[in-house]
Amino acid sequence: MFDFHQISIQFILFLCSKITSFLFGLNVPESDFVTAMAVFGNSNSLPVSLTLSLAYTLPDLLWDDIVDDNNDKVAGRGILYLLIFQQLGQILRWSWGFNSLLRKRSQVELNTYYTTSGKVVIYENFRLLNNDEEDEDHLYIQDGAQQNDDEVVTTREISGSSSDNDEETSPARRGVKFSEIPGIKQFLAFMNPPLYAMLISVIVASVPYLHDLFFNVNPTTGEYSFVHETLTKAISGLGSVSIPLILIVLGSNLYPSRDIPPPSKHYNRILIASLVSRMILPSMILLPVIAMCVKYIKMSILDDPIFLIVAFILTISPPAIQLSQITQLNNVYQKEMSGVLFWGYVVLVVPTTIFIVVCSLKVLEWAK
1 MFDFHQISIQ FILFLCSKIT SFLFGLNVPE SDFVTAMAVF GNSNSLPVSL
51 TLSLAYTLPD LLWDDIVDDN NDKVAGRGIL YLLIFQQLGQ ILRWSWGFNS
101 LLRKRSQVEL NTYYTTSGKV VIYENFRLLN NDEEDEDHLY IQDGAQQNDD
151 EVVTTREISG SSSDNDEETS PARRGVKFSE IPGIKQFLAF MNPPLYAMLI
201 SVIVASVPYL HDLFFNVNPT TGEYSFVHET LTKAISGLGS VSIPLILIVL
251 GSNLYPSRDI PPPSKHYNRI LIASLVSRMI LPSMILLPVI AMCVKYIKMS
301 ILDDPIFLIV AFILTISPPA IQLSQITQLN NVYQKEMSGV LFWGYVVLVV
351 PTTIFIVVCS LKVLEWAK
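As structure tokens, this is what we get:
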């Protein structure tokens with residue numbers, strides 16, 4: 001049921017972003033940016049803090065189906081719901097978001113607009129960013145030529161090394177050939193460090209031996225393994241400071257910088273469309289639907305009051321702070337990203353949070 005809830009939210013957010021982008025007259029890259037802001041909401045720092053605080057302060061959150069339910073169990077279930085949603089969001093951000101919605105784009109693509117007559121209009125200010133080059137094709141020819149030169153140099157280095165020591169270069173040569181296999185090449189191009197980390201975590205969780213090695217006590221010795229005492233505790237220590245680090249990253253992204261490209265032609269449109277399609281329009285659709293499901297659909301998870309709180313919080317949470325890292329890595333819409341973070345986390349988060357808490361309390365009273 002919770003998986004269905006995730007898919008429903010993502011689909012409605014996607015539709016809201018496309019409708020908003022169409023109404024604001026945005027081009028394809030701008031529409032993709034708005035879609036990324038809408039679909040990839042914050043499911044870590046802000047929702048976790050709100051869920052924990054509300055679990056211990058709001059009344060009537062105990063679940064009748066749980067024996068001896070208490071505030072600690074309520075908070076634990078809320079974090080579990082958020083964790084499930086967060087894992088799906090992380091995978092989508094660093095796959096669909098990094099490789100498609102917020103991918104690297106040429107200046108011509110970023111500044112191409114379509115009029116009602118169907119003509120393509122190139123925004124002239126993009127030439128200020130590339131005043132040393134004549135056109136975009138010339139840029140790509142230079143990049144391709146430089147890449148070919150690098151490949152030639154690399155090949156020569158490998159060939160020269162192999163004449164000196166064939167045993168040392170043969171594994172490297174086999175590795176190069178292996179990475180050029182069509183399926184492997186696409187896989188390596190698609191993957192990035194966060195996706196590798198998620199893949200490793202799935203493997204550790206799926207293999208019982210690795211899971212016991214990292215987390216459980218050895219039944220024969222009664223002690224934790226060396227891996228647990230070193231690697232697992234180190235990762236746990238990093239996780240304990242994740243939320244403060246996220247806030248530091250948020251502050252650094254809001255700090256003005258002259259190193260990032262200037263804003264796009266439709267800066268204000270992108271900003272408004274992103275916030276409307278993420279924090280305003282979806283809540284008008286999803287909140288009544290969730291409330292009706294809690295009232296009239298008799299399913300186990302819908303009877304849990306903290307599930308309603310988590311669902312409401314995820315509906316109005318601002319765009320994920322992690323998206324700023326993707327825009328910086330791909331060098332796209334960094335000014336727009338800073339504006340979305342400022343208005344989402346500094347201006348809109350307080351009234352929307354108050355609104356969602358009041359709504360959740362009223363729905364809980366109505367659903368009884």
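Going by the numbering used here, 247 is the number at position 247 of the sequence shown; the sequence numbering is gapless.
We treat Cβ as the ideally placed atom computed from N, Cα and C, and that holds for glycine.
Item, Value
"Per DSSP, cross-strand counterpart(s) of PRO319", "GLY41"
"Cβ neighbour criterion (16 or more within 10 Å) applied to MET37", "buried"
"Exposure of SER49, with buried meaning 16 or more beta-carbon neighbours within 10 Å", "exposed"
"6 Å CB neighbourhood of ILE333 in its chain, flanking five on each side removed", "Going by the sequence as given, residue 333 is Tyr instead of Ile. Closer than 6 Å at the Cβ level, and outside the excluded window around TYR333, lie PHE33 and THR327."
"Inter-residue spacing [alpha-carbon to alpha-carbon] between ASN330 and SER106", "11 Å"
"Neighbourhood of GLY78 by C-beta distance below 6 Å, restricted to the same chain and skipping five residues each side", "THR51, ALA55, ILE306 and VAL310"
"Start and end residues, beta strand (DSSP E) containing THR353", "Counting along the chain, THR353 falls outside any beta strand (DSSP E), though it belongs to the alpha helix (DSSP H) covering 349-367."
"Same chain, Cβ closer than 8 Å to PHE14, neighbours up to 5 away in sequence not counted", "THR35, ALA38 and VAL39"
"Spatial distance of SER225 from PRO59 (CA atoms)", "42 Å"
"Simplified DSSP assignment, three categories, for THR35", "helix"
"Runs of alpha helix (DSSP H) wholly within the stretch 41-70 (minimum 4 residues, chain order)", "45-57"
"Where VAL204 falls: helix, strand or coil (DSSP)", "helix"
"Touch test, the stretch 18-27 against the stretch 264-280, Cβ-Cβ under 8 Å, three pairs minimum", "yes"
"Host beta strand (DSSP E) of TYR296 (start-end)", "From DSSP, TYR296 is part of no beta strand (DSSP E) but of the alpha helix (DSSP H) over 281-296."
"Candidates THR220, PRO262, SER201 and PRO208, of which the one nearest ILE235 by Cα", "SER201"
"For LEU101, three-class secondary structure by DSSP", "helix"
"Alpha-carbon to alpha-carbon, TYR113 and SER206", "48 Å"
"Host beta strand (DSSP E) of TYR114 (start-end)", "112-114"
"Delimiting residues of the alpha helix (DSSP H) encompassing SER240", "233-240"
"Span of the alpha helix (DSSP H) around GLY339", "334-342"
"DSSP beta-bridge partners of TYR224", "VAL217"
"Helix, strand or coil at ASP150 according to DSSP, with G and I counted as helix", "Since pLDDT at ASP150 reaches only 45, below the 50 mark, its modelled position is unreliable, and no value is offered."
"Nearest candidate by alpha-carbon position, reference ASP72, set PHE85, LEU83, ILE84 and THR57", "THR57"
"Spatially closest choice to PRO47 from GLU336, ALA367, LEU308 and LYS362, by CA coordinates", "LEU308"
"Residue span of the alpha helix (DSSP H) that contains LYS185, given as start and end", "182-190"
"Alpha carbon of PRO319 to alpha carbon of LEU199, nearest angstrom", "24 Å"
"C-alpha gap between ASP304 and LEU61, whole angstroms", "8 Å"
"Beta-carbon separation (whole angstroms), MET279 vs LEU323, contact threshold 8 Å", "In fact, because the Cβ distance is near 14 Å, the residues do not count as touching under 8 Å."
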